[in-house]
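Q: With the UniProt record's numbering, the residue at position 169 of the sequence shown is 169, and numbering never jumps.
All C-beta atoms in this analysis are idealised placements derived from N, C-alpha and C, irrespective of residue type, glycine included.
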Amino acid sequence: MRRFVIAATALAAIGLTGCDKQEAVAVGQPVAQGAHATAQIRTPDGADVGRATATEVAGGLRLTLEVHDLTPGTHGAHVHTVGRCDAPDFASAGGHWNPAGTKHGSMNPQGPHEGDLPNLIVGTGGRGTIGILLPGATMAGLLDTDGSAIVVHAKPDDLMTDPSGNSGARIACGVFTAG
């Protein structure tokens, strides 16, 4: 009988440990009635070339960027600190969203910025998609008093060089709005 009690206690402890691991896996899972924000992405001449969506999830924000009718190739993409996209160069969007004051790039030991995204690969048909979890990001931070924007750049991001990964000119931009 004593062996049974010891075995049952051990199994219960293992079961409880398993519950803790399930909570860790929940990061990135949808949040009931989580907030959403969207951005219509446009070129300097106003052509619609895509959409970005930010959704509140457990532990951060899930960001999806979908583009069409862009030049094929690899493009840097980032969330920027100001919710403005004034043509022709979208400089009004400010720098990268970086509330922690880190360096640029996922390959930078002192990075990345909150708004650093993987490179956007646009195929020969002009379409590309990124889907990423931004751990620790909040909708309140994304939609703060001056808002934020998503910017697509002309060249690939080297994922390391501060402040913008040598990703070149800003070729498309969209302002996030609550939705």
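If you check the beta carbons only, do Gly-126 and Leu-65 fall under 7 Å apart?
A: Taking the sequence shown and counting its residues from 1, one reaches residue 126 at position 126. Taking the sequence shown and counting its residues from 1, one reaches residue 65 at position 65. No, the pair does not count as a contact, with Cβ atoms beyond the cut-off.
Q: Consult DSSP for Gly-60 and reduce its assignment to one of helix, strand or coil.
A: In the sequence shown, counting from the first residue as 1, residue 60 sits at position 60. Per DSSP, reduced to three states, the secondary structure at Gly-60 is strand.
Q: Pick from Pro-135, Gly-147, Gly-174 and Ala-32: whose alpha carbon is nearest that of His-153?
A: As a working mapping, residue 153 is identified with position 153 in the sequence shown. In this structure, Gly-174 is the residue among Pro-135, Gly-147, Gly-174 and Ala-32 with its C-alpha nearest to the C-alpha of His-153.
Q: Less than 7 Å separating the beta-carbons of Val-82 and Val-57?
A: Along the sequence shown, one-based indexing puts residue 82 at 82. Along the sequence shown, one-based indexing puts residue 57 at 57. No, the pair does not count as a contact, with Cβ atoms beyond the cut-off.
Q: Residue range of the alpha helix (DSSP H) that Gly-141 falls in?
A: Indexing the sequence shown from 1 puts residue 141 at position 141. Residues 139-142.
Q: What does the Cβ neighbour count give for Asp-116, buried or exposed, with the cut at 16 atoms within 10 Å?
A: Within the sequence shown, residue 116 is the residue found at index 116, counting from 1. Its Cβ being crowded by 16 or more others within 10 Å, Asp-116 is buried.
Q: I'd like the span of the beta strand (DSSP E) that includes Pro-135, first residue to last.
A: Locating residue 135 in the sequence shown gives position 135, counting from the first residue. Here the beta strand (DSSP E) through Pro-135 covers 128-135.
Q: With 16 other CB atoms within 10 Å as the buried threshold, where does Gly-46 fall?
A: Position 46 of the sequence shown, counted from the first residue, corresponds to residue 46. Gly-46 counts as exposed, since fewer than 16 other C-beta atoms from the protein chains shown sit within 10 angstroms of its C-beta.
Q: Under DSSP, the beta strand (DSSP E) around Val-79 begins and ends at which residues?
A: Residue 79 sits at position 79 when you count from the first residue of the sequence shown. Looking at the DSSP string, the run of the beta strand (DSSP E) that includes Val-79 is 77-80.
Q: Rank Ala-91, Ile-121 and Pro-72 by C-alpha distance to the C-alpha of His-80 and give the top, closest one.
A: Position 80 of the sequence shown, counted from the start, is the residue given in the question as residue 80. Comparing Cα-Cα distances from His-80 to each of Ala-91, Ile-121 and Pro-72, the minimum goes to Ala-91.
Q: Exposed or buried, Gly-76, counting other C-beta atoms within 10 Å across all chains shown (16 or more means buried)?
A: If you number the sequence shown from 1, residue 76 lands on position 76. Buried.
Q: Measuring CB to CB, does Ala-93 end up less than 7 Å from Val-49?
A: Taking the first residue of the sequence shown as position 1, residue 93 is located at position 93. Taking the first residue of the sequence shown as position 1, residue 49 is located at position 49. No, these two residues do not count as a Cβ contact at 7 Å.
Q: Can you find the residues in the same chain that come closer than 8 Å, C-beta to C-beta, to Arg-42, ignoring five residues on each side of it along the sequence?
A: To locate residue 42, count along the sequence shown from 1; it is residue 42. The beta carbon of Arg-42 is closer than 8 Å to those of Asp-48, Val-49, Cys-85, Ala-172, Cys-173 and Gly-174 in its chain, skipping five residues each way along the sequence.
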